[in-house]
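Report on one structure; see the data block that follows.
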Amino acid sequence: MNWRAVRAIVRKDLKVVLKSRAVLIPLIMVPLIILVILPAVGGVLLANANPNSPEIADFRRESAMFFDNLPGTIGDRLDQYDNEVQRVTYVIFNLFFPSMYLLLPTMVANVIAADSFAGEKERKTLEALIYTPTTDRELYLAKLIGPWVAGVAVGWLGYIAFALIVTATTWPLMGGVFVLDLAWLLLILWVTPAAAGIGLGAMVLVSSRVSTFQEAYQLGGVVVIPVLLLLFGQIGGVVYFSPLVALITGAILWAIALVLVVYGARTFHRGELMARL
Amino acid sequence: MASHAIETHGLTRRFGATTAVDDLSLTVETGEVFGFLGHNGAGKTTTVRLLNGVLAADGGQIRVLGHDPATDGPQVRARTGVLTETPSLDERLTAIDNLTIYADLYGVPTGQVNGRVNAILETFGLAERGREKVGGYSKGMKQRLALARAFLHEPDLLFLDEPTSGLDPVATQEVHDMIRHVSREEGRTVFLCTHNLVEAQRLCKRVAVMEHGQMVAVGTPHDLAHQIGADMRYTLEIAPDQTGAARDAVKAIATVSSVEASDAEDAELTLTVSDREAVPDALAALGAAGVRVYAVIPQQTSLEDIYMALHQRKGGAS
Ligand SMILES: Nc1ncnc2c1ncn2[C@@H]1O[C@H](COP(=O)(O)OP(=O)(O)OP(=O)(O)O)[C@@H](O)[C@H]1O
Ligand SMILES: [Mg+2]
């Protein structure tokens with residue numbers, strides 16, 4: 000394995016992404032909204048909410064099904080709080096956010112892979128790359144690493160931003176850090192890389208069938224979103240976010256991602272890429 | 000084997016019903032500039048791809064620099080440099096970035112990368128604009144940068160697909176000088192795909208002519224003239240008022256197949272002859288007729304004439 004060549008391609012792909020507005024805008028805006036703006040606004044509102052206000056009571060009543068069916072561990076955790084606003088805050092940031100959060104590494108990996116696989120074809124820069132002394136395997140690996148690393152990095156940095164903002168805005172209400180536990184750690188270290196892998200794998204699947212970044216981006220989304228919705232829809236219906244759920248979700252995502260990536264490796268041959276240029 | 004940079008036997012590649020390269024057998028010697036001629040769709044680019052192991056052949060054998068590109072692609076490509084038809088540059092990056100990435104990909108020793116990149120930008124007249132994004136370059140600048148990239152790792156064998164397309168005459172001249180230099184001074188082999196026949200005539204020791212994937216002729220331009228049975232042509236400089244007399248004098252010679260006035264003032268006559276002996280015969284006849292001949296200028300059959308003759312012959316046959 001020629002790591003110097005692999006590194007050069009990874010660096011090039013990421014550098015090119017940083018220079019493209021069409022790619023960069025979704026990459027910045029979506030995480031910004033989900034992990035910074037939403038938690039900040041929500042945190043400030045909750046921190047200033049009156050525990051006896053009718054809105055809180057309404058919310059609690061509307062979500063009665065949800066609150067009354069919480070598993071024992073979460074119920075016990077909620078019992079430690081002494082008012083409804085604290086319980087609602089805990090539930091929103093710990094049970095609703097994780098599945099939204101997981102969309103990010105998936106989306107980032109997906110968009111960057113769209114640029115690096117299909118965008119390269121579109122910009123006609125693939126041909127020179129194919130003529131280099133890299134092997135098919137090196138080329139494929141290099142194409143995978145860039146989007147994957149970017150997806151994981153955005154996921155991790157995004158989580159740090161999210162945790163800081165939530166903690167800071169709700170400090171007066173919660174009096175401490177409440178979005179860091181075993182479930183979150185598993186989500187970040189085990190599920191996030193797998194989610195990025197799904198975004199990447201979906202692109203590997205569609206990249207040979209498209210010739211522009213836009214097509215790849217759209218078709219990639221079409222493949223990724225149902226997988227995630229299906230998974231979270233299923234899980235959300237029966238179980239609540241917990242370490243075990245994180246473990247299982249991660250395992251399923253890893254399995255799907257690996258299948259897609261291995262399938263991609265079998266079809267990634269420069270001869271076929273060249274014939275389709 | 001060592002003296003052949005490229006050797007193929009029966010090389011064939013099909014795309015659906017099209018046979019892009021059809022039973023191609025050819026040899027390119029180390030250090031020569033080999034011209035690969037053919038009109039659009041003749042199979043030139045496909046051949047370059049096959050020779051670099053980036054496209055699989057449907058049949059035939061290939062040796063490039065002693066390796067089979069189908070199995071040893073990376074070894075072959077480490078020693079070849081390819082200028083593709085489209086420059087294939089990252090337009091969002093600077094020229095320096097573009098070259099540095101390829102220096103890494105081709106394994107230029109790490110300590111030499113910066114020096115090599117700056118030197119080659121200098122050579123190709125891009126040093127002052129090396130930090131600009133390639134997207135803002137003119138067509139000719141992109142072409143020069145792509146050429147610079149092909150030369151960057153000092154390959155033993157260069158494949159240049161239309162290297163001067165889009166270049167102005169001065170830049171074209173510079174590229175021609177560069178090709179001659181790498182071939183003569185540095186002993187590198189150049190495989191030059193072109194439909195510019197003047198370029199081929201200037202640069203190439205030997206050329207191959209492709210038609211519909213088949214090689215219809217190969218050899219030096221001189222060999223090819225013989226192969227197609229091209230007649231020899233000589234231009235005579237005479238006094239303008241003697242044109243009529245001169246025509247009458249040479250017409251009678253059996254080996255002279257045609258006589259044309261090739262100058263507006265009738266001061267030149269061009270004889271097309273089938274045998275060199277026609278020249279002394281014509282001079283004797285002209286002398287006898289009192290025509291004063293100031294010069295006899297042999298006209299080389301141009302590659303263009305050869306190419307057109309081959310093209311027509313092939314077109315008529317198929
Ligand atoms: N990837 C491909 N898919 C289908 N047909 C192809 C492909 N590549 C080449 N061909 C066909 O093979 C033939 C030879 O093409 P090639 O590009 O090698 O010609 P060329 O001599 O380089 O032409 P030009 O001077 O226009 O560049 C053409 O008929 C072309 O349409
Ligand atoms: Mg071509």
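Protein chains in written order, with numbering that gives the first Met the number 0: chain A, 0 to 276; chain B, 0 to 317. For every residue, glycine included, the Cβ atom is placed at its ideal position computed from N, Cα and C.
Heavy atom of ligand 2 within 7 angstroms of residue i beta-carbon
i, result
"B/ASP160", "yes"
"B/THR44", "yes"
"B/GLU84", "yes"
Proximity below 8 angstroms, CB of residue i to CB of residue j
i, j, result
"A/VAL178", "A/PHE240", "no"
"B/ALA174", "B/THR163", "Ala is not the amino acid found at residue 174 of chain B; the sequence shown has Val there. In this structure, B/THR163 lies closer than 8 angstroms to B/VAL174 by Cβ."
"B/ARG12", "B/LEU64", "no"
"A/GLY71", "A/THR169", "no"
"A/ILE55", "A/ALA48", "yes"
"B/GLU276", "B/THR254", "yes"
"A/THR277", "A/ASN1", "Nothing can be reported for residue 277 of chain A, as the shown portion of chain A is limited to 0 through 276."
"A/PRO50", "A/VAL84", "yes"
"A/VAL260", "A/GLY175", "no"
"B/LEU98", "B/ARG148", "yes"
"B/LEU151", "B/VAL107", "yes"
"B/LEU82", "B/PHE158", "yes"
"A/GLY145", "A/ILE111", "yes"
"A/TRP189", "A/GLY249", "yes"
"B/VAL272", "B/SER261", "no"
Residue nearest to residue i in terms of C-alpha spacing, selected from the options
i, options, result
"B/ALA94", "B/GLN142, B/SER257, B/VAL20 and B/GLN241", "B/GLN142"
"A/VAL87", "A/MET173, A/LEU181 and A/LEU101", "A/MET173"
"B/VAL204", "B/VAL217, B/HIS194, B/GLN213 and B/ASN195", "The amino acid occupying residue 204 of chain B in the given sequence is Lys; Val does not appear at that position. Selected option, being the one with the closest Cα: B/VAL217."
"A/TYR216", "A/TYR130, A/LEU31, A/ARG3 and A/GLU121", "A/GLU121"
"A/VAL107", "A/PRO132, A/PRO97, A/LEU26 and A/ALA141", "A/LEU26"
"A/ASP135", "B/LEU146, B/ASP71 and B/ILE252", "B/ASP71"
"A/LEU184", "A/GLY219, A/PRO97, A/MET64 and A/GLU61", "A/PRO97"
"B/GLU132", "B/GLU259, B/THR44 and B/LEU88", "Checking the sequence, you will find Lys at residue 132 of chain B rather than Glu. For the residues B/GLU259, B/THR44 and B/LEU88, the minimum Cα distance to B/LYS132 belongs to B/LEU88."
"A/ASP75", "A/VAL90, A/ALA63, A/MET64 and A/MET0", "A/VAL90"
"A/ALA113", "A/TRP253, A/VAL40, A/HIS268 and A/VAL203", "A/VAL203"
"B/VAL47", "B/VAL32, B/ILE237, B/ASP57 and B/VAL20", "B/VAL20"
"A/ASN109", "A/PRO192, A/GLY270 and A/ILE247", "A/PRO192"
"B/PRO86", "B/TYR136, B/GLY106 and B/GLU198", "B/TYR136"
"B/ARG183", "B/GLU31, B/GLN311 and B/LEU25", "B/GLU31"
"B/TYR233", "B/ALA147, B/ASP160, B/PRO220 and B/GLU259", "B/GLU259"
"B/LEU191", "B/GLY165, B/LEU156, B/VAL215 and B/MET214", "B/LEU156"
"A/ALA254", "A/ALA264, A/ILE197 and A/ALA167", "A/ILE197"
"A/ALA287", "A/ILE187, A/LEU227 and A/ALA264", "Examination of residue 287 of chain A is not possible in this model, given that chain A is present from 0 through 276 alone."
"A/VAL223", "A/ALA264, A/LEU31 and A/ALA256", "A/ALA256"
"B/LEU318", "A/VAL165, A/VAL15 and A/ASP57", "Residue 318 of chain B is absent from the structure shown; chain B starts at 0 and stops at 317."
"A/GLY270", "A/LEU128, A/LEU77 and A/PHE212", "A/LEU128"
"B/LEU302", "B/GLU198, B/ASP280, B/THR29 and B/ARG62", "B/GLU198"
"B/TYR306", "B/ALA224, B/ALA244, B/GLN111 and B/ASP22", "B/ALA224"
"A/PHE95", "A/SER62, A/ASP57 and A/VAL205", "A/SER62"
"B/GLU28", "B/THR45, B/ILE5, B/LYS43 and B/GLY15", "B/ILE5"
"B/LEU146", "B/ASP167, B/LEU120, B/GLU127 and B/VAL169", "B/LEU120"
"B/GLY80", "A/PHE65, A/LEU101 and A/TYR130", "A/TYR130"
Per DSSP, cross-strand counterpart(s) of residue i
i, result
"B/PHE35", "B/CYS192 and B/ALA207"
"B/PHE158", "B/VAL81 and B/PHE190"
"B/HIS8", "B/GLN60"
"B/PHE14", "B/THR17"
"B/LEU235", "B/LEU268 and B/VAL295"
"B/ALA216", "B/VAL208"
"B/ALA260", "B/LEU268"
"B/THR93", "B/LYS132"
"B/HIS66", "B/VAL63"
Cβ-heavy atom distance, residue i to ligand 1, below 7 angstroms
i, result
"B/HIS194", "yes"
"B/GLY37", "yes"
"A/ALA21", "no"
"B/PHE14", "yes"
"B/ALA41", "yes"
"B/THR163", "no"
"A/THR248", "no"
"B/ALA145", "no"
"B/ALA238", "no"
"B/THR300", "no"
"A/ALA274", "yes"
"B/THR17", "yes"
Ligand 3 heavy atom lying under 7 angstroms from the CB of residue i
i, result
"B/GLU303", "This structure lacks ligand 3; its bound ligands are ligand 1 and ligand 2."
**Study point:** the region 36-43 of chain B touching the region 194-213 of chain B, judged by at least three CB pairs closer than 8 angstroms
**Key:** yes
Review point. Is it a yes or a no for the region 96-107 of chain B touching the region 0-8 of chain A, going by three-plus beta-carbon pairs under 8 angstroms?
Key: Yes, the region 96-107 of chain B is in contact with the region 0-8 of chain A.
Review point. Touch check for the region 244-251 of chain B and the region 279-287 of chain B: three-plus C-beta pairs under 8 angstroms?
Key: yes
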